[in-house]
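Asker: Chains as they are written, first to last, in our numbering: chain L, 1 to 75; chain Z, 1001 to 1169.
Backbone N, C-alpha and C fix where the C-beta goes; we use that ideal spot for every residue, glycine too.
Remember, predicted model here, so these are calculated numbers, not experimental data.
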């Protein structure tokens, strides 16, 4: 998937991936896509909840070898 | 859509209990909540300039696993809990437990309290210190970080009355 900015939140634990994502989203324009890498298993539910509450769209969630990849489109 | 609001009363002054208010407040702010934390009684420790006094105590805390943050896996999985009576007579026990806890926090990619507090302030979480407890405990305003407001119960309730979430920690 194409993306405009990448955030490496691997090794970070709650709530840092969410807080870093919020910051990274502030640096992209509306409609642009942020790719987020995380190793926190809690971030799967957290990013879904973050998207629901902020109106940013979670385009996809994937897991491979304990690493999670999210694509989020800024509202 | 109206902005959602959250109010927290932070009453605990230990390293472990410093986490819930700052984690919830910083996350709520990231979700767009207008957020306030009212620091009262021992919670005032969380807004002091110097946070090095925050400690954890395994004494009288049966819920706290005492595990080593280093060494091979089998060693890390040993639980070192010991009877309260023994913990109580070992000088520096809390300081050692705190140092081990800080190492565990770092190993797990969990933010430090100074970092989380700063993230809250960057996200414009409003901090209010209970003026009554400041005086009761003999603190000076100069003991506390900048950007703190001072008020009482009425100040807290004015905002708390309008919130969607209100927590006592």
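Looking at residue 12/L and the ligand PLP, is the gap between the Cβ and the nearest heavy atom below 7 Å?
Answerer: Because no ligand of any kind appears in the structure shown, any question about the ligand PLP cannot be addressed here.
Asker: Restricting to Cα atoms, I'd like to know which of 1048/Z, 1022/Z, 1029/Z and 1035/Z is closest to residue 1137/Z.
Answerer: Here residue 1137/Z is taken as the residue at index 137 of the second chain, counted from 1. Out of 1048/Z, 1022/Z, 1029/Z and 1035/Z, 1048/Z has the C-alpha closest to the C-alpha of residue 1137/Z.
Asker: Are the CB atoms of residue 1006/Z and residue 1165/Z within a distance shorter than 8 Å?
Answerer: Start at 1 with the first residue of the second chain, and residue 1165/Z comes out as number 165. Start at 1 with the first residue of the second chain, and residue 1006/Z comes out as number 6. Contact: yes.
Asker: Can you tell me which residues form a DSSP beta bridge with residue 1151/Z?
Answerer: What you label residue 1151/Z is simply residue 151 of the second chain in a count that begins at 1. Answer is 1130/Z.
Asker: Determine the direct distance from the alpha carbon of residue 11/L to that of residue 1109/Z, and round the result to whole angstroms.
Answerer: Taking the second chain and counting its residues from 1, one reaches residue 1109/Z at position 109. Taking the first chain and counting its residues from 1, one reaches residue 11/L at position 11. Each residue's alpha carbon lies about 6 Å from the other.
Asker: Taking CB distances under 8 Å as the criterion, tell me whether residue 37/L reaches chain Z.
Answerer: Within the first chain, the letter at position 37 stands for residue 37/L. It does not; no Cβ of chain Z falls within 8 Å.
Asker: Does the Cβ of residue 1065/Z have 16 or more other Cβ atoms within 10 Å, making it buried, or fewer, making it exposed?
Answerer: Against the second chain, residue 1065/Z aligns to sequence position 65. It is exposed - the Cβ of residue 1065/Z has fewer than 16 other Cβ atoms within 10 Å.
Asker: For residue 1103/Z, count neighbouring C-beta atoms within 10 Å of its own C-beta (all shown protein chains included) and say buried if the count is 16 or more, exposed if not.
Answerer: One-based indexing of the second chain puts residue 1103/Z at position 103. Residue 1103/Z is exposed by the Cβ-count criterion.
Asker: Taking Cβ-Cβ distances shorter than 9 Å, what residues in chain L pair up with residue 1110/Z?
Answerer: Position 110 of the second chain holds residue 1110/Z. By Cβ distance, chain L contributes 12, 13, 14 and 16.
Asker: Could you check whether the segment 1122-1137 of chain Z touches the segment 1028-1037 of chain Z, counting it as contact only if at least three pairs of C-beta atoms, one from each stretch, sit closer than 8 Å?
Answerer: The segment 1122-1137 of chain Z, when compared against the segment 1028-1037 of chain Z, does touch it at the 8 Å Cβ threshold.
Asker: Nearest to residue 1142/Z by alpha carbon, out of 1019/Z, 1041/Z, 1050/Z and 1014/Z?
Answerer: Working through the second chain from its first residue, we reach residue 1142/Z at position 142. That would be 1050/Z, whose Cα lies nearest to the Cα of residue 1142/Z.
Asker: So what's residue 8/L in DSSP terms, helix, strand or just coil?
Answerer: Position 8 of the first chain holds residue 8/L. Three-state DSSP puts residue 8/L in a strand.
Asker: Quick check for students: name the residue ranges of the alpha helix (DSSP H) that lie wholly in the segment 1041-1090 of chain Z, counting only runs of 4 or more.
Answerer: Taking only runs of at least 4 residues, the alpha helix (DSSP H) segments lying wholly in the segment 1041-1090 of chain Z are 1073-1076 and 1084-1089.
Asker: Can you tell me which residues form a DSSP beta bridge with residue 1006/Z?
Answerer: As a working note, residue 1006/Z is residue 6 in the second chain. The partner list for residue 1006/Z (beta bridge, DSSP) reads 1035/Z and 1165/Z.
Asker: List the endpoints of the continuous alpha helix (DSSP H) containing residue 48/L.
Answerer: Locating residue 48/L in the first chain gives position 48, counting from the first residue. Residues 43-54.
Asker: Does residue 1026/Z have its Cβ less than 8 Å from a Cβ in chain A?
Answerer: Of the protein chains in the structure, L and Z, none is chain A.
Asker: Mind checking the segment 1140-1154 of chain Z against chain L and listing, in chain order, the residues whose C-beta falls within less than 7 Å of any C-beta there?
Answerer: Flagged: no residues at all.
Asker: Pull up the CB-CB distance for residue 68/L and residue 38/L, whole angstroms please, since I reckon it's below 8 Å.
Answerer: Taking the first residue of the first chain as 1, we reach residue 68/L at position 68. Taking the first residue of the first chain as 1, we reach residue 38/L at position 38. Confirmed, about 5 Å.
Asker: When we look at the beta-carbon of residue 60/L and count the other beta-carbons within 10 Å, is it buried (16 or more) or exposed?
Answerer: Reading the first chain from its first residue, position 60 is the one you call residue 60/L. With fewer than 16 Cβ atoms within 10 Å of its Cβ, residue 60/L is classed as exposed.
Asker: Give a yes or no on whether the minimum CB-CB distance between residue 1106/Z and chain L is below 8 Å.
Answerer: Taking the second chain and counting its residues from 1, the one referred to as residue 1106/Z is at position 106. False, the Cβ-Cβ gap to chain L never drops below 8 Å.
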